[in-house]
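Student: Would you mind keeping the following structure in view while I ask a few things?
Chains as they are written, first to last, in my numbering: chain A, 1 to 564; chain B, 1001 to 1448.
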């Protein structure tokens, strides 16, 4: 198994260069030629199905995988497009703007400068030039063949490799600096379409089409690790192993057992839980002094740690995320939750994150009662039952809540200073008497009102403006009395598991799930249930399924994505 | 001899041929940027090129309190819009225009901008068609260093500018980063006495040309939608190449160009009013100087975008919440707090215009050779209304627009403004928009 594992703290040292002998470059070149012959779209027998823009996180992960985690890829990236609840599904519809490419260019040059810096050369280069002040064909070839395969996610074709070597040579000649030449070529590779987009290539079979092995490798690694394929996966692709059920299962199991799965699961949940909203989240410092920007960051991390611990470490039931009282806290979060957090580990060293379990009678149970969900789905200075209820419906149950209609009177009783309507329930009940509004508020507000014990900063409260809070309600016929029982109701909701399975599959596809796949979604959900709602099993089912690698013929895409 | 560049290939060929190491100072084909937009006079010696910009503010303006009573020239600025009085003679106010949904669902705070800038609604809050600032940039900003600049004062990456359905031109949120981007090491001062082409830039330009060569193999075999997305990438790549090529040329002197001071790097946009105001002041300066220095001819600046959640410190409610939840004051006839927020963004627009107008170019100003289109997302935001959306155009676009006019339309589509601005900027179209929003009727009252 790949020895370069993601561990907290310390530098991840790329050791793959030591394993790649010079002799393998020739083999790579042969494989690359074969690839081009297979993948050349000018061959009328082949079709290409889609391109996907990589995300900033994938960019950084690839750079870390290839060059180690001291090489950073900061800078300006373009926002993605959220489709059907996931930014990942927008990867198949977004492109790169002029402004975005300028940002990518600056980042690429910065990364390249870090890679060729004197302090990193020895570690990151598989060879040394004969003369550092002149081009060196052999070393350039070796560098770009090795690095290019990992960045572009397949062996470079001979002519591609030559183009990068030529670039480096010209630049080295002009600057009289071999490493400056490499930096020019590397920066160009990092803004090339083959790097900024990953693509699926389909090849004909006896019965239709299938993805070529390198497309499968990229699809798998982005899905499970949120990064490009490693050496072993590319080798499996080269050998054709990914085209056999046994070979595919072997690689899937390897990826699933790797510590790098955590990065993949975190990436999914950051997307699924709309954590891009944290970029602009703020609470009024005068009203909520405890909810600092550090607290917001910790809130996000708390939920991610809860998820990873529950789903991967404990191999727990996904539905229990809505009821679990196990979590992790920092002293900063302790002030938000109003609980003491021991800031010292067993050996006396300060410990920032501490495992914590809320008491059985505590109002905090499940991720709906965690600060990330509560603060993200509120106004800056006030909670919002409607926004919270809408988020539960749309994120966890995959139910679309319509946008509010136009020309609606909102102010009937929304004045918070009105003594008649002191609580959100009272104000919303009156607002919902408006016929145009009542339909949607009926499906969102009861859910959100169950969470009214938590203010916008997630701090606990018994009353609002002195009036006691009524947190009772029902969701689709399941009754609840407070936040913990709302979590239980959600745990038992028939749409919960199906929604999760759909979103995970959609995340892996990088596009919307067409309606024609509803039967497959039902199968996937049943399998998820049969396996005790374990996420690792769900990822495995998807990763080894034929459906995940099903080729759509161009021309069908538009109708499929419109829901046929 | 002056040779007008016909296509990218010849330039690329020249660049490639120079990288043997010696001939880095070889002359490149003459760039269109040295010509004015009509191509008939050198920019340095004749009329300066026109500029266009969008200024976006959120949540409309309380109806009945911004529209002048009098139509035509010499209109009366209402007391609630008094912040704009210093610029009244250079501002056209357009009232009475609306966005038609044509049966599509309302995307609150999204549909209005979609129609104003893209010509049609897309049936929801998210997404949109290509916005008309891009058509204008294709004409007036093709050969500037930046095709356009986008910035946002409220800390969000909100941008009304979309190059296509799949490409948003994202906003800069950090004044420090925008400063570096424009006036950092890669800035070439047009008024500098000496000019030496940067060797590293020449090398980069050549390398980008090689990346461009990947187009054929990359797009081959893609379906129509993916090919379009790939082509958008290659269009962006050409822009980047163009940007580098321009910086390899000695720019024509621009008398009004000066490099602003970097400013306080700690200033960052946020939803708090003072932060947004401070950011607006810096972005105004950076954008104005970028225009004056010929770095771009098009910009998109958002003060508080659409669906503004601007807020005051210590207040539990945001601007957006107030629009829906504040009661109309029975005496004043409007929502008091909402009015105060609306006036904050009107003042910010006025401050922006002050900076544009302070840059003197002969007997005119930068504002005079520009058209700045100020728009918002709703008419009456309290009701998510799309009627009577407040629109304003400041500046005379180098004499192509009359100014100081109030145009009182009668329920026409807001697309009339977009069509007029495109035509004024030289976009060769006679109709614009789709469905009921399609129009071939320019606002003749303001066309010079």
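Heads up, the beta-carbon is just placed ideally off N, CA and C, and yes, glycines get one too.
In chain B, what lies closer than 9 Å to residue 158 of chain A by C-beta?
Tutor: Result: empty, since nearest Cβ-Cβ is about 13 Å, beyond 9 Å.
Student: Check whether chain A comes within 8 Å of residue 1384 of chain B, counting only Cβ atoms and requiring the distance to be less than that.
Tutor: yes
Student: Rank B/1303, B/1165, B/1412 by C-alpha distance to the C-alpha of residue 1060 of chain B and give the top, closest one.
Tutor: B/1303
Student: Pick helix, strand or coil for residue 245 of chain A, following the three-state DSSP scheme.
Tutor: helix
Student: Three or more C-beta pairs closer than 8 Å, one from the segment 1167-1176 of chain B and one from the segment 1324-1339 of chain B: is that the case here?
Tutor: no
Student: Taking Cβ positions only, does residue 51 of chain A come closer than 8 Å to chain B?
Tutor: yes
Student: Can a CB atom of chain A be found closer than 8 Å to the CB of residue 1314 of chain B?
Tutor: The beta-carbon of residue 1314 of chain B is placed less than 8 Å from the nearest beta-carbon of chain A.
Student: Could you check what DSSP says for residue 1141 of chain B in three-state terms: helix, strand or coil?
Tutor: coil
Student: Can you check which of these residues, A/127, A/487, A/482, is closest to residue 178 of chain A by C-alpha distance?
Tutor: The option with the nearest alpha carbon to residue 178 of chain A is A/127.
Student: Distance check for residue 440 of chain A and residue 403 of chain A, CA to CA, integer angstroms please.
Tutor: 9 Å
Student: Closest by CA to residue 73 of chain A, which one among A/190, A/540, A/252, A/207?
Tutor: Checked all of A/190, A/540, A/252, A/207; the closest Cα to residue 73 of chain A is A/190.
Student: Just to make sure I have the definition right: I need the residues of chain A whose C-beta is within less than 7 Å of the C-beta of residue 1210 of chain B. Which are they?
Tutor: Against chain A, a Cβ distance below 7 Å from residue 1210 of chain B picks out 163, 167, 188.
Student: Whose Cβ in chain B lies nearer than 8 Å to the Cβ of residue 382 of chain A?
Tutor: 1316, 1317, 1321
Student: Taking 8 Å as the cut-off, decide whether the C-beta atoms of residue 1271 of chain B and residue 1208 of chain B are in contact.
Tutor: no
Student: Since I believe residue 1212 of chain B is in contact with residue 1239 of chain B (beta carbons under 8 Å), could you give me their beta-carbon distance rounded to a whole number of angstroms?
Tutor: Not quite, the Cβ-Cβ distance comes to about 11 Å (not below 8 Å), so this is no contact.
Student: Drop a sphere of 10 angstroms on the beta-carbon of residue 1195 of chain B, count the other beta-carbons inside from all chains shown, and report buried for 16 or more, exposed for fewer.
Tutor: exposed
Student: From this set, A/60, A/252, A/75, A/88, which residue's C-alpha is nearest residue 276 of chain A's C-alpha?
Tutor: A/88
Student: What's the gap between the Cα of residue 1131 of chain B and the Cα of residue 1118 of chain B?
Tutor: Straight across, the Cα-Cα distance linking residue 1131 of chain B with residue 1118 of chain B is about 4 Å.
Student: Please go through the same chain and pick out, in chain order, the residues whose beta-carbon is closer than 6 Å to the beta-carbon of residue 148 of chain A, but skip the five residues on each side of it.
Tutor: 156
Student: Since residue 52 of chain A sits in a beta bridge, which residues does DSSP pair it with?
Tutor: A/198
Student: Take the Cβ of residue 542 of chain A as the centre, count every other Cβ of all protein chains shown within 10 Å, and call the residue buried at 16 or more, exposed below.
Tutor: buried
Student: Which residues, taken in chain order from the segment 1280-1313 of chain B, show a beta carbon closer than 8 Å to some beta carbon of chain A?
Tutor: 1309, 1311, 1313
Student: I need the straight-line Cα distance from residue 499 of chain A to residue 280 of chain A, nearest angstrom please.
Tutor: When only Cα atoms are considered, residue 499 of chain A and residue 280 of chain A end up about 27 Å apart.
Student: If the cut is a Cβ gap below 7 Å, which residues of chain B does residue 551 of chain A touch?
Tutor: In chain order: nothing, as chain B lies at least about 12 Å away.
Student: Buried or exposed: residue 1363 of chain B, going by 16 or more other Cβ atoms within 10 Å of its Cβ?
Tutor: exposed
Student: Looking at chain C, is there any beta carbon in it that lies within less than 8 Å of the beta carbon of residue 1056 of chain B?
Tutor: Of the protein chains in this structure, namely A and B, none is chain C.
Student: Since residue 393 of chain A meets chain B, which of its residues come closer than 8 Å, beta carbon to beta carbon?
Tutor: Ordered by position in chain B, no residue passes the 8 Å Cβ test against residue 393 of chain A, which lies about 16 Å from the chain.
Student: Residue 78 of chain A by DSSP, collapsed to three states: which one?
Tutor: coil
Student: Alpha carbon to alpha carbon, how far is residue 447 of chain A from residue 385 of chain A?
Tutor: Roughly 7 Å between the two C-alpha positions.
Student: Which residues of chain B have a Cβ atom closer than 7 Å to the Cβ of residue 287 of chain A, listed in chain order?
Tutor: 1314, 1316
Student: What is the rounded straight-line gap between the Cα of residue 116 of chain A and the Cα of residue 1099 of chain B?
Tutor: 55 Å
Student: Do you know offhand how far residue 1372 of chain B's Cα is from residue 1389 of chain B's?
Tutor: 17 Å
Student: So what does residue 446 of chain A bridge to, in DSSP terms?
Tutor: Under the DSSP definition of a beta bridge, residue 446 of chain A lacks any partner.
Student: Taking all protein chains shown into account, do 16 or more other C-beta atoms lie within 10 angstroms of the C-beta of residue 1126 of chain B, making it buried, or fewer, making it exposed?
Tutor: Under a 10 Å Cβ-count criterion, residue 1126 of chain B is classified as exposed, with fewer than 16 other Cβ atoms of the shown protein chains found around its own Cβ.
Student: Inspect the beta-carbon positions of residue 1218 of chain B and residue 193 of chain A and report whether they are closer than 8 Å.
Tutor: yes
Student: With H, G and I counted as helix, E and B as strand and the rest as coil, what does DSSP make of residue 288 of chain A?
Tutor: Assignment of residue 288 of chain A by DSSP, reduced to helix, strand and coil, places it in the coil class.
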